[in-house]
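Worksheet: one structure, shown below.
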Amino acid sequence: MAYSYGRPALKSSVDVQLQTAFSDGNWNSVVRLADKRAKSLKDPYYEAIKVAAESKLDGAAESGAVLTAIEELAKQKTVPDIDTIELYEWAADDFIGEEIEYADTLGPLRVKWAKANPKSPLAMGCLQSCLEYWDLVSAQQISTALDKAYLNSGDRRYMFWSITLTFLLSISPQCSESSRRVYSLLVLKQLERAAEVTENTPKVEAKDRGLLTEEEVCLYYRVLLAHGNKEDFVRRVKSAGLGALVLLEKGHKLLFWECLDSLSAWGEWDLIFDLCRQALRLGVKGVTAPFFVCDLKVWRIFAAAASKAANPESALEEVQTVLKEFFAIDMKTAQMYKKNLSLALLESTFRLPSIEDPVPEGSGMTPRVVQLGLFLDECFDKLAAFDDVKGYISELTFEEAKALVDKILPKLLDTIPDKPRQVILRSLICKIRYLLTTCPMTLSRQPSVVDGQPQSEAYRCRFCSNLASLPCRHCVKQVITEAASAYKQISADKELIGLIPGLDKDPRQDLALVIATSLLKLSGLRASHSSISGPPLRDVDPELLLQAIFILDTQVRSTPADNGLRLLLVELCLLVGASSYAQQLWIPMDVKRTIQDALSPLFFDRISSLSPGLFQGSRPLTEPLRSYYANSLRNDSPLKIWDAFSAGSYTSILDLSQYDNRLRTSCTLLMTLVEEARATRSFGGKIDIEIADHPLVAHITDDTQLINKTDYGSFPNIEYPHGPQIQDFVRLGPELSNERAHIAFLTEQFADLLAYKPPKDYKPARTSDAAARDRNYALESLTRLNHSLTNFIHHPSTPSLLTGPEMTYYSVVSLLASALLTSLSTARGDPTPKTLSLATSSVRNALSSLRNACFHSASLHMPATLFALTDIHTVAYLRETALVAKHSATFVLAFHERELARDRSGKSALHRDVVSEMKALEAVASKTLAETKNHLQKLKEMLGEGGWLDRLLEWTFGHEGGEAEREGEGYRAAVADIAGGRDTAEEWAGKMLESWRETVKGWLMTRWD
Amino acid sequence: MANFRRFRPDDLNKLSKCNLDPLTETYELGFYLQYYAKWPSLFQVAEDQDGNIIGYIMGKVESSPDVYQFSEHYLPWHAHITAVTVAPEARRLGIGRLLTEQLEAGADANNAWFVDLFVRKTNYKAINFYKSMGYSIFRVVKDYYGDHSSDPTKSSEDAYDMRKPMKRDVNKEHIREDGEKFEVEPSDVW
Chain D
1 MAYSYGRPAL
11 KSSVDVQLQT
21 AFSDGNWNSV
31 VRLADKRAKS
41 LKDPYYEAIK
51 VAAESKLDGA
61 AESGAVLTAI
71 EELAKQKTVP
81 DIDTIELYEW
91 AADDFIGEEI
101 EYADTLGPLR
111 VKWAKANPKS
121 PLAMGCLQSC
131 LEYWDLVSAQ
141 QISTALDKAY
151 LNSGDRRYMF
161 WSITLTFLLS
171 ISPQCSESSR
181 RVYSLLVLKQ
191 LERAAEVTEN
201 TPKVEAKDRG
211 LLTEEEVCLY
221 YRVLLAHGNK
231 EDFVRRVKSA
241 GLGALVLLEK
251 GHKLLFWECL
261 DSLSAWGEWD
271 LIFDLCRQAL
281 RLGVKGVTAP
291 FFVCDLKVWR
301 IFAAAASKAA
311 NPESALEEVQ
321 TVLKEFFAID
331 MKTAQMYKKN
341 LSLALLESTF
351 RLPSIEDPVP
361 EGSGMTPRVV
371 QLGLFLDECF
381 DKLAAFDDVK
391 GYISELTFEE
401 AKALVDKILP
411 KLLDTIPDKP
421 RQVILRSLIC
431 KIRYLLTTCP
441 MTLSRQPSVV
451 DGQPQSEAYR
461 CRFCSNLASL
471 PCRHCVKQVI
481 TEAASAYKQI
491 SADKELIGLI
501 PGLDKDPRQD
511 LALVIATSLL
521 KLSGLRASHS
531 SISGPPLRDV
541 DPELLLQAIF
551 ILDTQVRSTP
561 ADNGLRLLLV
571 ELCLLVGASS
581 YAQQLWIPMD
591 VKRTIQDALS
601 PLFFDRISSL
611 SPGLFQGSRP
621 LTEPLRSYYA
631 NSLRNDSPLK
641 IWDAFSAGSY
651 TSILDLSQYD
661 NRLRTSCTLL
671 MTLVEEARAT
681 RSFGGKIDIE
691 IADHPLVAHI
701 TDDTQLINKT
711 DYGSFPNIEY
721 PHGPQIQDFV
731 RLGPELSNER
741 AHIAFLTEQF
751 ADLLAYKPPK
761 DYKPARTSDA
771 AARDRNYALE
781 SLTRLNHSLT
791 NFIHHPSTPS
801 LLTGPEMTYY
811 SVVSLLASAL
821 LTSLSTARGD
831 PTPKTLSLAT
841 SSVRNALSSL
851 RNACFHSASL
861 HMPATLFALT
871 DIHTVAYLRE
881 TALVAKHSAT
891 FVLAFHEREL
901 ARDRSGKSAL
911 HRDVVSEMKA
921 LEAVASKTLA
931 ETKNHLQKLK
941 EMLGEGGWLD
951 RLLEWTFGHE
961 GGEAEREGEG
971 YRAAVADIAG
981 GRDTAEEWAG
991 KMLESWRETV
1001 KGWLMTRWD
Chain E
1 MANFRRFRPD
11 DLNKLSKCNL
21 DPLTETYELG
31 FYLQYYAKWP
41 SLFQVAEDQD
51 GNIIGYIMGK
61 VESSPDVYQF
71 SEHYLPWHAH
81 ITAVTVAPEA
91 RRLGIGRLLT
101 EQLEAGADAN
111 NAWFVDLFVR
121 KTNYKAINFY
131 KSMGYSIFRV
141 VKDYYGDHSS
151 DPTKSSEDAY
161 DMRKPMKRDV
171 NKEHIREDGE
181 KFEVEPSDVW
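From first to last, the protein sequence lines are chains D and E. So in full-length UniProt numbering, spot 977 of the first sequence is number 977, and the numbers just go up one at a time. So in full-length UniProt numbering, spot 189 of the second sequence is number 189, and the numbers just go up one at a time.
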């Protein structure tokens, strides 16, 4: 067993003195006493105690003796002593996976013992131990032995442990492809046999080898899905003994859900239609609880299947008939189900085939719009109302959308008598109106030339008839004006303000969201999925962007529990480089423990390139994340796997195993280690362990698919559902991805190689041999890194997964790996390959282009200082690029110097051209670093000057009386109206400024040599 | 708007709507997975149309360890509600009630005598909610919580141990009417 918490018990025959020494951990005494007993009693068990105790001593020779003992034990043909195995397993715990493989040593020993003693309770302990070290081959063999031993015992777990483990092996990299094929056939056959027993036995008893429990049946279907064929699956789903409806009737829903997923992936719509109809009717007839399967998913898939039927009208009519039966159930239904039924009605209406317009042409009052109106009439005041209808609204034609906005919603508003519900509806209308500005159906294509005049926009907005692109700026401004007016109305109405605490949510939260998102769109902020476009804020109107941030900030201060707005604000603060303020906003959300994997990227991704100063503190910034992974992935086995085995939760076993795999290959895990390593390097800190050797990522190879599971669910999205979502606009660059995680991982390995220094006490006897070994190691590492980096960087999708500066930096690292390879491998007498000068000149060009981006590029709209403050990410990568170039050159030149010092003949030193190229590169890199530091120093000095509050407020709100008076710009005045007074604005501006100052200060504390 | 189904581990990547709410505790990974491993049918979630988790309930079935069989505090085979939460945006739709009912159905399927839970003595909203579902106070656990939810000067708070009898308890042997009067120490409960 995995001995994380204790040591094994010694045999009861062991004397008290030795027992006490052992339980006290007095290892020297244990060694002495055990040795004595071994000699006097001639019992090899005492020798095992001695070896085990020696493993706890400091000396390497003593502690390693247990490994030899295990190997010797494994070679013996006799059945080993179980207590000796327990002792050795405990003693070797730290070596397993490093010096010895469990599956090659202790696992087979456990198997040997369990096969010889299958009925002993300790045999189950052997199984548990193999599972905890995730040795599936041994575990499967033990489980098979247990199954045979307990064939007619009535304890069904042994049979299904064996089956589950055979299935796990059939999909595991622990065995060969051919073995996997054999295991897949075997497990399928075992379960088919069990399924037949169930189908053909009137009442299956525990002693029968059929499928009895929900877990057993679901395991069978999972196996069938993995290794069987569609026909068998479909046949079984329909069967009388094991069909999906059979379990449903018994109150088990899992299989039904899983079958719907599989069948819809195969397009088995007729069967789905039939299953859904029957399943829902079970509720109507009272076979199950009425609303047992009344989930929205079931209704949606039912309606989708009906729409794909040979006669969709009639099938959808049947859907509505079933719905009516539910509506007619006379009982106190939970609001949730009432809402599900209303949504199901909406769904079935939207799935009706498009028919010839039955309403007056152009009126748009189709059944779909009418049904939407009815739904909103019933549910508009529910918090999720907008999310409920968003998808349907985006499916409307323009005429329908116009009817909704011009007829249905105003009419609905007129019918609401009370003020609070009125403002809730008004805020919902603003959200709908914003949504429509993001929907393509609101635009019509425009000829590129009209009356001989080329047109500035490719589209015309069908709402306002102005030339437009998506979204229509005119309509967005209109939305801002309407939302600001509603906001102002609420704030000015004391009676209404007094009623707000009684509502589910202050409607101003939604209005602030609409205003801020609209301002972001007007500012020119674009979704980030391309590295080609340059700094994300280059073409952005800073005034509107800062206004959006200010509006959100004001709202979050007023309603701090609104995590959606808070997340948006965190991302925006990171985007404009106000990282320490973003951190202040992030901390109250208390992202900890299990939710870190999915949520931490929202703050921590790229944080070392924004504000390494945040890592300076008593507790490392990413320590909670690292601890989380260290605790959760401590063992090789999935967490709680034995609990699932002992409880007979077979689907849990499969899911836990899959989840464990995903967690071990999480992009967030890689992000954690990379960000931490970069921040440590930035400050010249000591790297405890090279990244490639870190136990959490030691298993990752180039072929490992790294998984991004970032949770954006709490972002308030009012965007068109089939386009970029709000997080894509406010995030600094593309989200985490397999490619970026791999490239960053490889780049850190390159940095580790450059930074490597042998231990001070390392004095090799034969310096020439050691030098040759070092050179070979460097060449091998560079070859591997160059190959891997080139592959990832040249992948067609990679540029769209990185920011521009990242792309430049990683390309430079790849070029440097190649240049170093050439440098170290070119003999002095050979001509230098041209690739070297090509690589170094590309590096110089890259540095030059990043320098231009940092020091000479300007925004169309943004003051130079603000542009510099908001593009720290590029500055960070200029520094990183210059540093990696400098360190690479230093690495080569140091190698050259070492060789010259070691070998006076100069034969092993590097080529003259190589040395000169590297010196030139080092000089360029040093110059760039000095310039970059100077740039930041100037920024710091500028930020230290007076008048910054006024300047920032001017950037945010423009000159007094200036911008607001421009024609068609009345929305600016509306925003200013709700923004609060000067004091609020100054407080916010002060925080932003302080954050920028801290960022720049932090950068100046980093190493620049 | 919602689906009710059994929890699956990937749901842990979709918890933000529930767990960013300060009233919802976030546990270590092993805690969630232990419930999923041992009592998968008693770990139910409600999800929205985008797959976000908007509510969940975690429960277990167990009895006190055998060694306490003759103790007055021994708990026979019963179900326990460990955690139940609903995202702010999904409240007042009856989701908490539906999740609790599902756990009760699981308790009956496991032949449990009763379902029990602990709630802070000052959490009147939750107490009333459970009372409306047929739960009653069985006993008061003194200083069960190591902090106080509404009074920062206090370092602890009592809990109510509330129970609802299941079908197996035909004679209602495992509930009492005056549970507020029965006080026990935290060491008396498992």
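All C-beta atoms in this analysis are idealised placements derived from N, C-alpha and C, irrespective of residue type, glycine included. As the structure is a computational prediction, the values presented were derived from the model and not from experiment.
- Message: So, with DSSP's three-state summary, where would you put G51(E)?
- Response: coil
- Item | Any C-beta of chain E under 9 Å from that of G6(D) | no
- Would you mind listing the beta strand (DSSP E) stretches within the region 98-126 of chain E that are 3+ residues and don't spill past its ends, in chain order? 114-120
- Task: Under the assumption that G30(E) contacts L639(D) (Cβ atoms under 8 Å), give the Cβ distance between them as a whole number of angstroms.
- Result: 5 Å
- Task: Sort out for me which residues DSSP pairs Y459(D) with in a bridge.
- Result: R445(D) and A468(D)
- Message: Just to confirm the assignment, what range does the beta strand (DSSP E) spanning T85(E) have?
- Response: H78 to V86
- Query: Around the C-beta of M1005(D), are 16 or more other C-beta atoms found within 10 angstroms, so that it is buried, or is it exposed?
  - Reply: exposed
- Query: In chain order, what residues of the same chain lie with their CB nearer than 6 Å to the CB of L816(D), ignoring the 5 residues before and after it?
  - Reply: S888
- Determine which residues of the region 146-175 of chain E have a Cβ less than 9 Å from any Cβ of chain D, and write them out in chain order. none
- Task: Give the residues of chain E in contact with T594(D), contact being defined as C-beta atoms less than 7 Å apart.
- Result: L12, T26, Y27, E28, L29 and Y32
- Can you give the Cα-Cα distance for S448(D) and M441(D), rounded to whole angstroms? 19 Å
- Contact check, A985(D) vs L953(D) under 8 Å by CB: the rounded distance? 6 Å
- Looking at A979(D) and Q455(D), is the spacing between their C-beta atoms short of 9 Å? no
- Any idea if W190(E) is buried or exposed, counting beta-carbon neighbours within 10 angstroms, 16 or more meaning buried? exposed
- Query: Buried or exposed: E215(D), going by 16 or more other Cβ atoms within 10 Å of its Cβ?
  - Reply: buried
- Measuring only between beta-carbons, confirm whether D188(E) sits less than 9 Å from chain D. no
- Query: Does DSSP put N3(E) in a helix, in a strand, or in coil?
  - Reply: strand
- Query: What residues from the region 93-116 of chain E come within 7 Å of chain D, judged by C-beta to C-beta, listed N to C?
  - Reply: L93, G94, I95, R97, L98, A105 and A109
- Which residues of chain D have a Cβ atom closer than 8 Å to the Cβ of D50(E), listed in chain order? D387 and G713
- Answer yes or no: does any C-beta atom of chain E fall closer than 9 Å to that of D295(D)? yes
- Check whether the region 275-290 of chain D touches the region 992-1008 of chain D, taking contact to mean three or more Cβ pairs, one atom from each stretch, closer than 8 Å. no
- Task: Between the Cα of T288(D) and those of A304(D), A385(D) and K250(D), spot the shortest distance and give me the residue it belongs to.
- Result: K250(D)
- Item | Closer than 7 Å at the beta carbon, the chain D residues around N3(E) | D295, L296 and K297
- Query: Which partner residues does K164(E) have in the DSSP bridge list?
  - Reply: V115(E)
- Message: Closer than 9 Å between beta carbons: that is the criterion. Which residues of the region 639-652 of chain D meet it against chain E?
- Response: L639, K640, I641, W642, D643, A644, F645, S646, A647, S649, T651 and S652
- Return yes when the Cβ of W955(D) is within less than 9 Å of the Cβ of P863(D), no when it is not. yes
- Query: At least one CB of chain E closer than 9 Å to the CB of A772(D): is that the case?
  - Reply: no
- Task: Quick one: list the residues of chain E neighbouring G251(D), beta-carbon separation under 8 Å, in chain order.
- Result: A105 and A109
- Query: Using the C-alpha atoms, what's the distance from F729(D) back to V540(D)?
  - Reply: 12 Å
- Taking Q371(D) as the reference, which of F386(D), A384(D), S348(D) and P353(D) has the closest Cα? S348(D)
- Task: Would you list, in sequence order, the uninterrupted alpha helix (DSSP H) runs of no fewer than 4 residues that lie entirely inside the region 38-117 of chain D?
- Result: 44-54, 60-75, 82-91 and 106-116
- With distances taken from CA atoms, which of R163(E), A37(E) and E25(E) is nearest E104(E)? R163(E)
- Item | Proximity below 9 Å, CB of K431(D) to CB of A974(D) | no
- May I have the straight-line CA-CA distance separating S55(D) from A923(D), to the nearest angstrom? 53 Å
- If you measure from the beta carbon of W257(D) to each beta carbon in chain E, is any gap under 9 Å? yes
- Would you tell me roughly how many angstroms separate the C-alpha atoms of L519(D) and C472(D), rounded to the nearest one? 12 Å
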